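K.L.:
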Amino acid sequence: MLKDTFSLFIENRKALLGLIILIFFSGVAIFAPIIAPYDPKTNKVDVMKIVNEEIGRTTTIEREQIDELTERRVYTQSITTTYEKVTTKLPLNAKPSNQHLLGTTKAGQDLFSQMVYGTRITLTVGLVTGLFTTFLALSLALAAGYFGGIVDDVISLFTNVFLVIPSLPLMIVIAAYITVKGVIPIVLILGLTSWPWPTRILRSQVVSLKNRDFVKVARNLGERPLYIVFKEILPNMISLVMASFFSSTMAAIMGEATLEFLGLGNVSVVSWGTILYWAQNSGALLSGAWWWFLPPGICIALIGTSFALMNFAIDEISNPKLRKR
Amino acid sequence: MNNDILLLERVSKHFPVNSLRRGGKFVHAMDEISFSLKRGEVLAIVGESGSGKTTTANVIARIYKQTSGSVTFEGREISKNMSREDELRYHKKVQMIFQDPFGALNPTRTVEGILERPFLIHKIASKRKDVKDRIDEILTQVGLEPPEQFTRKFPHELSGGQRQRVNIARAFAVEPELILADEPTSMLDVSNRMSIMNMMLYLKESHGVSFIYITHDLAGARYMSDRIIVMYAGMIMEIGPAEKIINDSFHPYTKLLKTAAPSPEIGLKRKKLITGGDIPSLIDPPDGCRFHPRCPFASDICSLEMPVMKKIDEDHYVRCFLR
Amino acid sequence: MISMDKYDVTPILQCKKLVAGYKMKSGFVHAVDDVSFDLEKGGFLGIAGESGCGKSTLAFAIMRLLKDNAKIESGEIIFKGRDLARLKDNEMKKIRWVDISMVFQSAMNALNPVLSIGEQLTDAVHAHSEVTQSEAHDKAIEVLKLVDISQDRFNSYPHQLSGGMKQRVMIAMALILNPTLVIMDEPTTALDVVVQRTIIEKIQELRNALGFSVIFITHDLSLLVEISDTLAIMYAGKIVEYGSAEALFNHPLHPYTIGLMNSFPSLTGKISRMGGIEGKPPNLLDPPEGCRFSPRCPQAMSICRKSYPSLENKGENHSVACFLHEGVDKP
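Residue numbers (my numbering), protein chains in the order written: chain A, 1 to 325; chain B, 1001 to 1323; chain C, 2001 to 2331.
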């Protein structure tokens, strides 16, 4: 069953395109140290070499003859090494060139390297948050949908209340108040503000599946509730859960970029959002340094598109008309 | 009484119309349903939509708990709250076959995955080889041969008739005492229906199972059953041996059903239907016989009081003031 | 009103060797494969068959409602002297609903839930004829009366009507422009048996009053035998037996017809264990060689698997396509 779904997914052109983009960026993230020509935070390049090595005087301090064939000597010797260090400061605010594929920032950092390393943060935050949100939403949805009653009432109440609170302002407020800045707080903030929407959607699916005949059959056979939830209902929700995951990841990537752009993340960590933050801070738009703010923007859009494409594909696949009958 | 495997006494099931409001209206899906089922008997419940026949089956199968009245199975009254062991034991003895062959099968499981559950849950077999043998055996019994051809298939790869056979296999796998079949052939192609019906009759004989067969088709009920119950708007109107109900019925509704049923033999000699009209709403029904608005023989008392079931012949009861 | 001239024996519809189906990636599915029949004026033709036999495709082909990858490949549909299969779209529009109308399968779902039934009826009138608003309104009231729906239901919405009433609205809609031929595709399948009987009686009543011909498509053979004049049994896109209802009921010739008859337990008469038919209909993308029913036929002979029997007349209005009943001279 999973194999079938997977091969259907691959055959779909939209999914394939989305997947290729994702794999591309994942590759960039994994092989960052090899791909990036410079350290993303440095603004200079040091090239060091040894020019000369002079061996100086030898002074014997002790000499001892241990036996006929063995001699012990203690001596000092001085070696003078002459180094040559060529420090090239990276150009400030430079346009793209052969040395700097995406130019440099105002502080002289290579933007291509920043983008490459930034991929790591963006993808990690996006995927981890996506997983976290989906897992949370799915657990709540299964509990509320299958068990109903007071469990459902309580979960649905919370879900509905949180749904009404606008998530972006909430994110900003929380981020502005917490003292620890960094990637993990961002993941948590994003996760804790975006769970209501997928919870609601997944819960509806659970409820509708619960009323299907084959679930009645399972109960009639005497299956335990947990078994029914995980082996009868959940497998029939795979497409929706995947779609939910893609949506959540996409939202997380956008959310992360937004928070960092506003300076609410750790601005010394290199990610696409912080690149935009510094670009904005340094007036890149005004000075026309398009190589500074365009690449992060385009890449964020590309990753978002890749997840959107895969999401469309899941929609198409879940449409029963496409299933073999 | 000893021979009765199932006894329903004045069982009612009411569903609230609006689940949140208290003291709201109720849909009277079943009211005062009383009947017994002998071991090894096939009892047909015939009725149109809204008659309550499916709800009756659901209550017996414990998909719903009854609002009032008692259900007694094998001499023991079934209480609304049962322990897990009792519940499991009951499910092993009472199984249900649903109307929609496709809906009753989990689309993400293979035939093998579906059929191994009854054996595993009820501990009929546990070792892989035993379970596999049992699956092969039951598949053969329902006519899906050779079994290897079917075990790895998913529901959407089977035809309607084959799907229903899998459902029947699953119901018989636990070796139940009672099977409830809710319109098992109405969603199948015509040419498949007979073989499914015959197979159920054969399995019933060979396994010694009692049967409740629910249908809207009077002719099908006659073919399958020993006794027939006629339900209308949530209540039993008439109950009796199959031949009597078909050929010598008493209740005006039963006669209406017979007149309305397609029958080539009657054909041109057919008289026009005595009455048309629609099935009444089941929400807080008014007093009196449920059928009286459509009954050509209705008199004053019919709209004021509810007639009770009275015996008119050997094993033949009817709920009607014409008595 | 059309003429009730009993002496006019020209058939109102003649289907001649019609071939229609669907273009799929893997080939062309001949859902209707070489189908021929006649329908006399005011007659009642029943077409019996199970799912996948092509009966709905046939209905749509006659109405020229086949779309997208579905089309008529060859053959003629002669209606009132014109070949419907060859007509241009705009010409067919003039015939559709005015001369030939249709009651669709699952008609209850064909009603628009956000329009009142009155509006839907008047829409039908306006779409196919040039009349004023009030004339259309009057026609709608008139036709609702015909199907025993009272005038004050004109503004009701579909969800406020029962299943039987919705079906009667669909019939009213089909009759509103007084067509000569009405095609009904499983009009009573989803209804309770008593409601079904009232609808059937209504259809017969209307037929007597207005004189239109009917093509009635269903899988319920026992019902068809009761109400049809002529019956056609379809299997895998072909007509396998054809004749008067009496002839088919009393002397069914084709093993499929016999099998079908044996699939309906009788209400009167003796009870005995009956047969039914094993197996399932063939995949029309790859139909079996020879007679399409041969894989399931209990009396199949070797010739049945090699060539296809043609529909042959066996006497008074009774034809069958089966080698068991081929003429004495083998082809």
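C-beta atoms are modelled at their ideal positions from N, C-alpha and C, and glycine is treated no differently.
Here the structure is a predicted model, which is why all the values come from computation and not from measurement.
Please name the residue, chosen from C:M2173, C:P2295, C:S2294, C:L2045, that lies closest to C:A2245 on a Cα-to-Cα basis.
P.N.:
Position 245 of the third sequence holds residue 2245 of chain C. When each option's Cα is compared against that of C:A2245, the closest is C:L2045.
K.L.:
Should B:Y1232 be flagged as near chain C, meaning a C-beta pair shorter than 8 angstroms?
P.N.:
Counting from 1 along the second sequence, the entry for residue 1232 of chain B is found at position 232. Taking Cβ atoms only, chain C never reaches closer than 8 angstroms to B:Y1232, which makes this a no.
K.L.:
Between which residues of its own chain and B:R1222 is the CB-CB distance below 7 angstroms, once the five residues before and five after are set aside?
P.N.:
Sequence index remark: in the second sequence, residue 1222 of chain B carries index 222 (1-based). Within the same chain, B:R1222 has close Cβ partners A1242, I1246.
K.L.:
Report the option in A:A308, A:N220, A:P225 whose CA atom is closest to the CA atom of B:N1167.
P.N.:
If you number the second sequence from 1, residue 1167 of chain B lands on position 167. Among A:A308, A:N220, A:P225, the Cα nearest to that of B:N1167 is on A:N220.
K.L.:
To be precise: take each residue of the region 2204-2218 of chain C, compare its Cβ to all Cβ atoms of chain B, and keep it if any distance is under 9 angstroms. Which residues remain?
P.N.:
Answer in chain order: no residues at all.
K.L.:
Expressed to the nearest angstrom, what Euclidean distance is found between the alpha-carbon atoms of A:V206 and A:A144?
P.N.:
Looking up residue 206 of chain A in the first sequence gives position 206. Looking up residue 144 of chain A in the first sequence gives position 144. Distance between the alpha carbons of A:V206 and A:A144: 9 angstroms.
K.L.:
Where does A:R230 land, buried or exposed, given buried means 16+ other C-beta within 10 angstroms?
P.N.:
For the purposes of this step, residue 230 of chain A is taken as residue 230 along the first sequence, with counting starting at 1. The sequence shown places Phe at residue 230 of chain A, not Arg. So A:F230 counts as exposed.
K.L.:
When you compare each of C:K2017, C:G2027, C:K2025, C:S2056 to C:F2037 by their alpha carbons, which one comes out closest?
P.N.:
As a first step, residue 2037 of chain C is located in the third sequence; it is residue number 37 there, counting from the start. With distances taken between Cα atoms, C:F2037 lies closest to C:K2017.
K.L.:
State buried or exposed for C:V2009, treating a residue as buried only when at least 16 other CB atoms are found within 10 Å of its CB.
P.N.:
Stepping through the third sequence from its first residue, residue 2009 of chain C is reached at position 9. Burial call: exposed.
K.L.:
By alpha-carbon positions, which one of A:V215, A:I34, A:I186, A:S7 ends up nearest to A:A175?
P.N.:
For the purposes of this step, residue 175 of chain A is taken as the residue at position 175 of the first sequence. Considering only alpha carbons, the answer is A:I186.
K.L.:
In whole angstroms, what is the alpha-carbon distance linking B:D1133 and A:S7?
P.N.:
Against the second sequence, residue 1133 of chain B aligns to sequence position 133. Against the first sequence, residue 7 of chain A aligns to sequence position 7. Roughly 32 angstroms between the two C-alpha positions.
K.L.:
Alpha carbon to alpha carbon, what distance is there between B:I1063 and C:K2238?
P.N.:
Residue numbering aside, residue 2238 of chain C sits at position 238 when the third sequence is read from its first letter. Residue numbering aside, residue 1063 of chain B sits at position 63 when the second sequence is read from its first letter. Note on geometry: alpha-carbon atoms of C:K2238 and B:I1063 lie some 45 angstroms from one another.
K.L.:
Between B:D1100 and C:D2083, what straight-line distance do the alpha-carbon atoms span, to the nearest angstrom?
P.N.:
Residue numbering aside, residue 1100 of chain B sits at position 100 when the second sequence is read from its first letter. Residue numbering aside, residue 2083 of chain C sits at position 83 when the third sequence is read from its first letter. When rounded, the distance between both Cα atoms is 42 angstroms.
K.L.:
Mind listing the chain B neighbours of C:I2271? Cutoff is C-beta to C-beta under 8 angstroms, in chain order.
P.N.:
Reading the third sequence from its first residue, position 271 is the one you call residue 2271 of chain C. Here the neighbours are R1222, Y1223.
K.L.:
If we ignore side chains and look at the alpha-carbon of each, how far apart do A:L127 and A:A252 end up?
P.N.:
One-based indexing of the first sequence puts residue 127 of chain A at position 127. One-based indexing of the first sequence puts residue 252 of chain A at position 252. The alpha-carbon atoms of A:L127 and A:A252 are separated by roughly 8 angstroms.
K.L.:
Mind checking C:M2004: buried by the 16 CB within 10 Å criterion, or exposed?
P.N.:
Here residue 2004 of chain C is taken as the residue at index 4 of the third sequence, counted from 1. Its pLDDT being 49, under 50, C:M2004 is placed unreliably by the model, and nothing is read from it.
K.L.:
Which residues does DSSP list as the beta-bridge partners of C:Q2014?
P.N.:
Numbered from 1 along the third sequence, position 14 holds the residue referred to as residue 2014 of chain C. Beta-bridge pairing links C:Q2014 to C:D2038, C:I2078.
K.L.:
Can you give me the Cβ contacts of C:R2056 inside the same chain, cut-off strictly under 6 angstroms, excluding the 5 residues immediately before and after it?
P.N.:
On the third sequence, position 56 is the one that residue 2056 of chain C refers to. The identity of residue 2056 of chain C in the sequence shown is Ser, whereas the question assumes Arg. For C:S2056, where only same-chain residues beyond five positions count, the Cβ hits under 6 angstroms are D2185.
K.L.:
Which runs of the alpha helix (DSSP H) at least 4 residues long sit entirely within the region 1131-1157 of chain B? Give them in chain order.
P.N.:
Segments of the alpha helix (DSSP H) lying fully in the region 1131-1157 of chain B: 1148-1151.
K.L.:
Can you tell me whether DSSP reads A:S139 as helix, strand or coil?
P.N.:
Numbered from its first residue, the first sequence carries residue 139 of chain A at position 139. A:S139 falls in the helix class under three-state DSSP.
K.L.:
With distances taken from CA atoms, which of C:P2298, C:G2042, C:N2069, C:R2064 is nearest C:P2025?
P.N.:
Your numbering for residue 2025 of chain C matches position 25 in the third sequence. Note on residue identity: the sequence assigns Lys, not Pro, to residue 2025 of chain C. It is C:N2069.
K.L.:
I want to see whether chain C comes within less than 8 angstroms of B:M1001, judged by CB atoms only; does it?
P.N.:
Looking up residue 1001 of chain B in the second sequence gives position 1. Since pLDDT at B:M1001 reaches only 49, below the 50 mark, its modelled position is unreliable, and the value read off the structure follows with that caveat. False, the Cβ-Cβ gap to chain C never drops below 8 angstroms.
K.L.:
Confirm, please, whether the CB-CB distance from B:I1212 to B:L1043 is below 8 angstroms.
P.N.:
The residue you call residue 1043 of chain B lines up with position 43 of the second sequence. The residue you call residue 1212 of chain B lines up with position 212 of the second sequence. Taking 8 angstroms as the Cβ cut-off, B:L1043 and B:I1212 qualify as a contacting pair.
K.L.:
How would you write the range of the beta strand (DSSP E) that A:Q77 sits in, first residue to last?
P.N.:
Within the first sequence, the letter at position 77 stands for residue 77 of chain A. First-last of the beta strand (DSSP E) with A:Q77: 71-89.
K.L.:
Assign C:M2004 to one of three DSSP states: helix, strand, or coil.
P.N.:
Taking the first residue of the third sequence as 1, we reach residue 2004 of chain C at position 4. With a pLDDT of 49 at C:M2004, under the threshold of 50, the modelled position of this residue cannot be trusted; read the value that follows with caution. Note: C:M2004 maps to coil in three-state DSSP.
K.L.:
By the criterion of Cβ-Cβ separation under 7 angstroms, what are the contact partners of C:R2305 in chain B?
P.N.:
To locate residue 2305 of chain C, count along the third sequence from 1; it is residue 305. Those do not exist, as C:R2305 stays about 20 angstroms from chain B at its closest Cβ, beyond 7 angstroms.
K.L.:
Cα-Cα, which of A:D46, A:L101, A:E53, A:E84 is closest to A:A36?
P.N.:
Mapped onto the first sequence, residue 36 of chain A falls at position 36. Here the closest residue by C-alpha is A:L101.
K.L.:
Kindly indicate the opening and closing residues of the alpha helix (DSSP H) around B:P1118.
P.N.:
Counting from one through the second sequence, the residue named residue 1118 of chain B turns up at place 118. Looking at the DSSP string, the run of the alpha helix (DSSP H) that includes B:P1118 is 1111-1121.
K.L.:
With distance defined between alpha-carbon atoms, name the residue in C:N2155, C:C2291, C:K2041 nearest to C:L2324.
P.N.:
Locating residue 2324 of chain C in the third sequence gives position 324, counting from the first residue. The option with the nearest alpha carbon to C:L2324 is C:C2291.
K.L.:
Assuming A:I303 contacts A:F9 (C-beta within less than 8 angstroms), just tell me the rounded distance between them.
P.N.:
Here residue 303 of chain A corresponds to residue number 303 of the first sequence, with the count starting at 1. Here residue 9 of chain A corresponds to residue number 9 of the first sequence, with the count starting at 1. In fact, because the Cβ distance is near 18 angstroms, the residues do not count as touching under 8 angstroms.
K.L.:
DSSP puts B:Y1317 in a beta bridge; with which residues?
P.N.:
On the second sequence, position 317 is the one that residue 1317 of chain B refers to. Partner(s): B:I1239, B:K1311.
K.L.:
Output, in chain order, the set of chain C residues within a Cβ distance shorter than 8 angstroms of B:K1258.
P.N.:
The count along the second sequence starts at 1 and reaches residue 1258 of chain B at position 258. In chain order: L2267.
K.L.:
Given that a residue counts as buried once 16 or more other Cβ atoms are within 10 Å of its Cβ, and exposed if not, what is A:A331?
P.N.:
With chain A covering 1 to 325 only, the question about residue 331 of chain A has no answer from this structure.
K.L.:
In this structure, does DSSP put C:L2111 in helix, strand or coil?
P.N.:
Walking along the third sequence from the start, residue 2111 of chain C turns up at place 111. Coil.
K.L.:
Could you check how far apart the C-beta atoms of B:A1219 and C:S2266 are, in whole angstroms? I think they sit under 8 angstroms.
P.N.:
Residue 1219 of chain B sits at position 219 when you count from the first residue of the second sequence. Residue 2266 of chain C sits at position 266 when you count from the first residue of the third sequence. Approximately 6 angstroms separates the beta-carbon atoms of B:A1219 and C:S2266; this is inside 8 angstroms, confirming the contact.
K.L.:
For B:Q1066, I'd like the list of residues in its chain whose CB is within less than 7 angstroms of its CB, leaving aside the five on either flank, ordered along the chain.
P.N.:
Taking the first residue of the second sequence as 1, we reach residue 1066 of chain B at position 66. Excluding sequence neighbours, B:Q1066 sits near V1011, S1012, K1013, V1059.
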